[in-house]
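Structure first, commentary second.
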Amino acid sequence: MTDDMKPDKELLDWVVQLRRWFHQNPELSFEEHQTQKRIIEILDSLGIENRKVAETGVIGTIHGKEKGKTIAIRADMDALRIQEPETDLNKEYRSKNDGVMHACGHDGHMAMVLAAARLLQERRENLKGNVRLIFQPAEEKLPGGAVRVIKDRGLDGVDAIVGVHLLGGADAGEIRYRAGPYLAHPCDYNLRIRGKGGHHMCPQECIDPLMIAARFISSVQTDIKTRLDPKCIYVLGFGTIKGGTQYNQTPDQVAISGSFRAFDDATAQTIEQTMRRNLDSLMEQHRNPNAGTEPHYELKVVSGYPVLVNDAKFVHRATTVLKERFPSVVDNVDLNLGAEDFAYYLEKIPGMFMFLGASNREKGITEVNHSSRFDIDEDVLGTGVRILTTLTLDFLDTPEQYIIKGT
Ligand SMILES: [Zn+2]
Ligand SMILES: [Zn+2]
1094 MTDDMKPDKE LLDWVVQLRR WFHQNPELSF EEHQTQKRII EILDSLGIEN
1144 RKVAETGVIG TIHGKEKGKT IAIRADMDAL RIQEPETDLN KEYRSKNDGV
1194 MHACGHDGHM AMVLAAARLL QERRENLKGN VRLIFQPAEE KLPGGAVRVI
1244 KDRGLDGVDA IVGVHLLGGA DAGEIRYRAG PYLAHPCDYN LRIRGKGGHH
1294 MCPQECIDPL MIAARFISSV QTDIKTRLDP KCIYVLGFGT IKGGTQYNQT
1344 PDQVAISGSF RAFDDATAQT IEQTMRRNLD SLMEQHRNPN AGTEPHYELK
1394 VVSGYPVLVN DAKFVHRATT VLKERFPSVV DNVDLNLGAE DFAYYLEKIP
1444 GMFMFLGASN REKGITEVNH SSRFDIDEDV LGTGVRILTT LTLDFLDTPE
1494 QYIIKGT
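Residues 1094 to 1500 in my numbering are what the sequence shown lists, from first letter to last.
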């Protein structure tokens, strides 16, 4: 098995510096202009061939001396619309962009891929094949930047792909993943229920959309439960409900938004159909000939990223390699109701996506991703770099252990 490259102190300092620069300069999805510029500067300084991709993304390629396969390592680039408060930890690197924050660890992902790229570039004389670096914009916003990267031929010539995502709430250094389906298929929905407004003194002439909304919310979960296999894992949530302006008036309409997640298309379809069936029945029950209009609804469902499926053969070999080198590898975690557009890459080529725990209770770092107080134990950045270089080198040396010949 390939010996790996342990990052030295200088490189570990560099990866922290990079992460802090990205953290201080967060940009929203498809607005990663400064981020893109910085990545290009660094790749240029390392002598790594690169080009822009997907508007605000970058791909780079490290060419090994010997011919071989190509493996991609991916970092997402976007931040979130969150105001970062000052904490005990972030005094030196708090976000400089008001209302925008790297609260999902993507700052760390870019730093880790750049540091891994530097080590691999230094070693290119010994590489059997190539390494594609994918800096992908807009992971957080549907339809996601991965689709654009693929459309812009960022995945062309790549045989396999690896993604490491930092995870708050998990112990620093813990590596988590599973073979097969891992992350969910999310759907967002917007529902508008239209009734007939009027004075509270004459309900007989109104169709109360608030009442319909309340009945929908209290009954749809049970309806869905009775239509799905009890073993089926899914979730349906309500996010917003808005309606009415005046305390003694029945409003004309109510708007509800929310999301649901499942691990296969059939389940997602059943959830949507059941919502519609429930609403159809409520519309029927709330008809009122005195109102002069019929109650009706509009339900728009936006389908999100596909289910993320880790390749079994790739995961099998990676597990052997990771368990030899890292103290905490959990290769059989439960299905996770999160979602990632990395799933699109895995629809095209084999590979794997894993989480790397980034919390540390002793250092007071405990928040989960997307919290305004999210932070990482920066010591895990070195672990992330080592995961990426280890798997890259082992894959290029023994690709047949990871992928079926000819793929
Ligand atoms: Zn996120
Ligand atoms: Zn993320």
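Cβ atoms here follow ideal geometry from the backbone N, Cα and C, with glycine treated the same way.
*asked:* Rounded to the nearest angstrom, what separates lysine 1184 and glutamine 1117 at their Cα positions?
replied: 11 Å
*Taking all protein chains shown into account, decide if proline 1178 is buried (16 or more other Cβ within 10 angstroms of its Cβ) or exposed.*
exposed
*With valine 1328 as the anchor, note down where its beta strand (DSSP E) starts and where it stops.*
1327 to 1336
*Between which two residues does the alpha helix (DSSP H) carrying phenylalanine 1488 extend?*
1472 to 1490
*For ligand 2, any of its heavy atoms closer than 7 Å to the Cβ of histidine 1199?*
yes
*Distance CB(alanine 1432)-CB(proline 1302) smaller than 8 Å*: no
*Identify which residue in Leu1182, His1258, Arg1285, Leu1276 has its Cα closest to the Cα of methionine 1170.*
Distances from the CA of methionine 1170 to each of Leu1182, His1258, Arg1285, Leu1276 were compared; the closest alpha carbon is that of His1258.
_Rounded to whole angstroms, what is the Cα-Cα separation between methionine 1205 and tyrosine 1282?_
35 Å
*Could you pull out every unbroken alpha helix (DSSP H) segment of at least 4 residues lying fully inside the segment 1372 to 1448, listed in chain order?*
Fully enclosed alpha helix (DSSP H) runs of 4 or longer: 1405 to 1418, 1435 to 1441.
_Heavy atom of ligand 1 within 7 Å of histidine 1463 beta-carbon_ = Yes, Cβ of histidine 1463 sits closer than 7 Å to a heavy atom of ligand 1.
_Backbone secondary structure at phenylalanine 1467 - three-state DSSP_ = coil
*asked:* Quick check on DSSP: helix, strand or coil for histidine 1292?
replied: strand
*Report all residues from its chain with a CB closer than 6 Å to the CB of methionine 1094; omit the five preceding and five following residues, and keep chain order.*
Legend: pLDDT at methionine 1094 = 47, less than 50; position of this residue unreliable, no value from coordinates given.
*Which of helix, strand or coil does DSSP assign to lysine 1130?*
helix
*Look at the Cβ atom of methionine 1098, then the Cβ atom of tyrosine 1270, and state whether they are nearer than 8 Å.*
No, Cβ-Cβ distance for methionine 1098 and tyrosine 1270 is not below 8 Å.
*asked:* Quick check on aspartate 1373: buried or exposed, where buried means 16 or more other Cβ atoms within 10 Å of its Cβ?
replied: Classified as exposed, aspartate 1373 has fewer than 16 neighbouring CB atoms from the shown chains inside 10 Å of its CB.
*Applying the criterion that 16 or more other CB atoms from any shown protein chain within 10 Å of the CB defines a buried residue, is serine 1311 buried or exposed?*
exposed
*glutamate 1142 lies in the beta strand (DSSP E); which residues open and close that run?*
1142 to 1146
*Under 8 Å between the Cβ atoms of isoleucine 1166 and threonine 1485?*
yes
*Any idea what DSSP makes of tyrosine 1495, helix, strand or coil?*
Coil, per DSSP.
_N-terminal and C-terminal residue of the beta strand (DSSP E) that alanine 1253 is part of_ = 1253 to 1264
*What number of angstroms, rounded off, separates the C-alpha of threonine 1500 from the C-alpha of arginine 1225?*
The predicted model places threonine 1500 with a pLDDT of 47, which falls under 50 and marks its position as unreliable, so this point remains unresolved.
*If you drop the 5 nearest sequence neighbours on each side, which residues of the same chain put their C-beta closer than 8 Å to that of isoleucine 1243?*
Tyr1437, Tyr1438, Lys1441
*Which of the three DSSP states, helix, strand or coil, is assigned to valine 1461?*
coil
*Taking only the alpha-carbon atoms, compute the straight-line gap between aspartate 1101 and valine 1255 and give it to the nearest angstrom.*
23 Å
*Exposed or buried, aspartate 1106, counting other C-beta atoms within 10 Å across all chains shown (16 or more means buried)?*
Exposure of aspartate 1106 is indicated by the presence of fewer than 16 other C-beta atoms within 10 angstroms of its C-beta.
*Do glutamate 1233 and ligand 1 come close, with the Cβ less than 7 Å from some heavy atom?*
Ligand 1 has a heavy atom closer than 7 Å to the beta-carbon of glutamate 1233.
*Touch check for the segment 1456 to 1468 and the segment 1189 to 1204: three-plus C-beta pairs under 8 Å?*
yes
*Return helix, strand or coil for leucine 1121, following the three-state DSSP convention.*
In the three-state reduction of the DSSP assignment, leucine 1121 falls in the coil class, being assigned neither a helical nor a strand state.
*asked:* Could you check whether the Cβ of histidine 1258 sits closer than 7 Å to any heavy atom belonging to ligand 2?
replied: Distances between the C-beta of histidine 1258 and the heavy atoms of ligand 2 include at least one below 7 Å.
*Measure the C-alpha to C-alpha separation of glycine 1247 and glutamate 1218 and round it to an integer number of angstroms.*
24 Å
_Buried or exposed (CB count within 10 angstroms, at least 16 for buried), methionine 1203_ = buried
*Where do the ends of the alpha helix (DSSP H) carrying isoleucine 1305 lie?*
1302 to 1320
_N- and C-terminal bounds of the beta strand (DSSP E) containing glycine 1150_ = Start and end: 1150 to 1156.
*What are the start and end residues of the beta strand (DSSP E) that includes alanine 1168?*
1159 to 1169
*DSSP three-state call for asparagine 1223: helix, strand or coil?*
strand
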